[in-house]
Amino acid sequence: MSQEHLPVLVREVLDVLSPVEGGVYVDATVGLGGHSGEILKLIGRDGMVLGMDRDEEALKMAGERLDDGRLVLKKCNFSGIEALLSSLGIREVDGILFDIGVSMMQLKDLKRGFSFNSDERLDMRMDVTRDFSAWELVNRYPAKELVRILRDYGEEYRAVRITRAIVRQRDKKSIDTCSELAGIVSLAVGRRGRIHPATKTFQALRIEVNSELDELRQGLDLSLKVLKRGGRLCVIAYHSLEDRVVKNFIRDNARSGLLGQLFKKPIIPGMEELRRNPSSRSAKMRGAERL
């Protein structure tokens with residue numbers, strides 16, 4: 030795999046999941062199969078990994094790269110995990126991995142419309158078969174809703190100023206491309222430092238388009254139903270909103286006796302991994318055991 034597609038915190042994920050021979054594991058965001066490939070090495074001939082993703086291109090590439098009969102690949106959202114397992118005749122699993130958020134593959138493919146460096150049409154859909162994209166969001170959402178999305182999902186304190194700039198522009202003509210939107214945001218708030226001023230805006234729009242936080246909450250809740258006792262939950266988040274959801278979920282269910290928290294502070298990449306894979310710098314991993 031190229032540097033851009035290196036799986037994050039692999040050794041730490043395996044430490045948390047502790048794969049056993051004959052075990053059944055869910056990689057709920059299989060991507061290109063980096064984590065799944067490592068799990069497959071440890072589960073023996075009778076083990077199984079269910080690799081889920083809502084991105085059909087990722088599923089295709091993971092299947093071609095790994096080509097392993099013990100890996101079952103299915104298109105599915107987090108909210109469909111219980112129904113999918115039931116359809117496969119699986120009642121419970123030994124471990125679940127959620128590696129949340131947009132993948133480098135999606136960001137680097139400029140045609141997918143995730144990156145502010147792209148001159149392609151605004152899109153940001155992880156599942157390209159869905160009708161609703163970032164174009165509809167930017168050009169048709171009421172201003173009040175845009176402000177809420179930028180504040181809630183981007184933690185953008187300049188949400189009102191950015192929204193006013195968007196509305197002024199879309200009243201003249203539709204905002205069609207990623208670079209066009211990025212330019213509008215840059216002009217509205219100015220550019221200082223190395224971080225692009227549209228970063229939080231693009232994050233917020235992507236989360237709304239893909240219902241990412243709602244899907245995460247549903248997936249975590251369903252993990253309690255499908256993890257066997259002693260089964261492990263491992264979650265890698267990349268920004269504070271996701272990590273807060275995961276932290277609160279584990280804390281609340283630890284208090285109620287459903288989960289055992291494996292460590293209090295999140296695990297982050299070490300210096301060696303950061304040198305090898307700089308894109309891992311924002312990763313935070315949390316783990317729990319089903320009681």
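Residues 30 to 320 (the working numbering) are what the sequence shown spells out, left to right.
We treat Cβ as the ideally placed atom computed from N, Cα and C, and that holds for glycine.
Reduced DSSP category for residue i - H, G, I as helix; E, B as strand; rest coil
i    : result
D148 : coil
G92  : helix
V55  : strand
V78  : strand
T158 : coil
K201 : helix
F231 : helix
R246 : helix
A266 : strand
V176 : helix
R120 : coil
R319 : strand
S31  : A caution first: S31 carries a pLDDT of 40, below 50, which makes its placement in the model unreliable, though a value can still be read off. DSSP places S31 in coil when its eight states are reduced to three.
D128 : strand
R223 : coil
Same chain, Cβ closer than 6 Å to residue i, neighbours up to 5 away in sequence not counted
i    : result
V189 : V176
I68  : P48, Y54 and V78
A87  : G60
Integer-rounded CB distance, given that residue j should sit under 8 Å from residue i
i    : j    : result
L166 : V42  : Contact doesn't hold; Cβ gap of about 33 Å is too wide.
A217 : G183 : About 14 Å; that fails the 8 Å criterion.
K313 : A266 : 5 Å
Option nearest residue i by Cα separation, candidates the options
i    : options                   : result
S116 : G130, K70, P307 and V101  : V101
F321 : N306, G286, R304 and I279 : The question about residue 321 has no answer, for the chain in this structure spans 30 to 320.
F143 : A163, R197 and P226       : A163
S311 : I213, L253, P171 and D128 : D128
D75  : Y170, R99 and K173        : R99
L71  : V39, D148 and A283        : V39
Residue i burial status per 10 Å Cβ neighbour count (16 or more: buried)
i    : result
G62  : buried
M30  : Note on M30: pLDDT 39, under 50, position unreliable in the model; no value is reported.
V157 : exposed
G52  : buried
R141 : buried
P36  : buried
N306 : buried
Q32  : In this prediction, Q32 scores a pLDDT of 37, lower than 50, which makes its location untrustworthy; no coordinate-derived value is stated.
E174 : exposed
Sequence-distant residues of the same chain with beta carbon closer than 8 Å to residue i, five excluded per side
i    : result
L287 : L253, R319 and L320
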